[in-house]
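Student:
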Amino acid sequence: MIREATPDDVPVILAMIGELAAYERAPEAAQATEAQLKEALFGPQPAAFALIAEDGDAPVGFALWFRNFSTWTGTHGVYLEDLYVRPEARGGGHGKALLAALAEICVARGYERFEWSVLDWNEPSIGFYRSIGAQPMDEWTVFRLTGKALHNLADASRVNGA
Numbered sequence: 006m007i008r009e010a011t012p013d014d015v016p017v018i019l020a021m022i023g024e025l026a027a028y029e030r031a032p033e034a035a036q037a038t039e040a041q042l043k044e045a046l047f048g049p050q051p052a053a054f055a056l057i058a059e060d061g062d063a064p065v066g067f068a069l070w071f072r073n074f075s076t077w078t079g080t081h082g083v084y085l086e087d088l089y090v091r092p093e094a095r096g097g098g099h100g101k102a103l104l105a106a107l108a109e110i111c112v113a114r115g116y117e118r119f120e121w122s123v124l125d126w127n128e129p130s131i132g133f134y135r136s137i138g139a140q141p142m143d144e145w146t147v148f149r150l151t152g153k154a155l156h157n158l159a160d161a162s163r164v165n166g167a
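With positions in the sequence shown counted from 1, the corresponding number in this note's numbering is that position plus 5.
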């Protein structure tokens with residue numbers, strides 16, 4: 006069963022984010038707090054949304070996503086930030102059901118793109134994504150600006166009067 010997350014789901018989502026970070030070999034990178042997640046998902050201006058996969062009454066996975074925008078199509082899209090299914094529930098169709106629910110949101114709202122990133126060493130996920138018809142964007146490289154570099158660029162903006 007797939008359902009929209011509620012504020013009561015924040016602790017389990019946060020726990021699964023930690024599990025995902027450990028799987029992705031970066032457990033120290035998961036630094037979000039319950040308060041931050043609750044504000045992002047359920048505050049006055051939500052920045053993200055989440056779906057929960059359940060097996061019976063037990064949460065076994067989640068998808069956390071936000072809207073993006075394509076200047077080329079002139080429409081919004083969905084960017085999937087995290088997709089995670091707990092190891093004991095893998096192979097039960099929960100991941101595909103989460104992706105299908107997000108695809109349904111795209112179609113119902115007229116969004117023309119559904120995108121996400123995957124680590125290049127994560128062959129099981131890459132194979133799964135290809136099996137549902139997803140195509141890698143091999144010509145694109147993701148760039149990220151964080152930490153000191155982010156602050157340095159912001160400081161340069163203030164110096165130049167931007």
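Think of the CB as a built atom: it goes at the ideal place given N, C-alpha and C, for glycine as much as any other residue. All figures in this text were calculated on a predicted structure; none of them were measured in a lab.
Per DSSP, what kind of secondary structure is Y116 in: helix, strand or coil?
Tutor: The count along the sequence shown starts at 1 and reaches residue 116 at position 111. DSSP places Y116 in coil when its eight states are reduced to three.
Student: From which residue to which residue does the alpha helix (DSSP H) around G132 run?
Tutor: Residue numbering aside, residue 132 sits at position 127 when the sequence shown is read from its first letter. Here the alpha helix (DSSP H) through G132 covers E128 to S136.
Student: Tell me whether M142 is buried or exposed, calling it buried when 16 or more other Cβ atoms sit within 10 Å of its Cβ.
Tutor: Here residue 142 corresponds to residue number 137 of the sequence shown, with the count starting at 1. By the Cβ neighbour-count rule, M142 is exposed, with fewer than 16 other Cβ atoms within 10 Å of its own.
Student: For the ligand FMN, is there a heavy atom less than 7 Å away from the beta-carbon of E29?
Tutor: Of the ligands one can find in the structure shown there are none, so the ligand FMN has no counterpart to examine.
Student: What did DSSP end up calling E29 once you bin it into helix, strand or coil?
Tutor: As a position in the sequence shown, residue 29 is number 24, starting the count at 1. Coil at E29, not helix or strand.
Student: Pop quiz: E9 and L56 are said to be a contact at Cβ under 8 Å. What is the actual Cβ separation, rounded to whole angstroms?
Tutor: Looking up residue 9 in the sequence shown gives position 4. Looking up residue 56 in the sequence shown gives position 51. By a beta-carbon distance limit of 8 Å, E9 contacts L56. Their separation comes to about 6 Å.
Student: Which residue's Cα is closest to the Cα of A139: S130, A35, V90 and K43?
Tutor: Within the sequence shown, numbered from 1, the residue matching residue 139 stands at position 134. Of the candidates S130, A35, V90 and K43, the one whose C-alpha sits nearest the C-alpha of A139 is S130.
Student: In three-state DSSP terms, what is L46?
Tutor: One-based indexing of the sequence shown puts residue 46 at position 41. Three-state result, L46: helix.
Student: Strictly by DSSP, which residues pair up with P12?
Tutor: Counting from one through the sequence shown, the residue named residue 12 turns up at place 7. In DSSP, P12 forms no bridge with anything.
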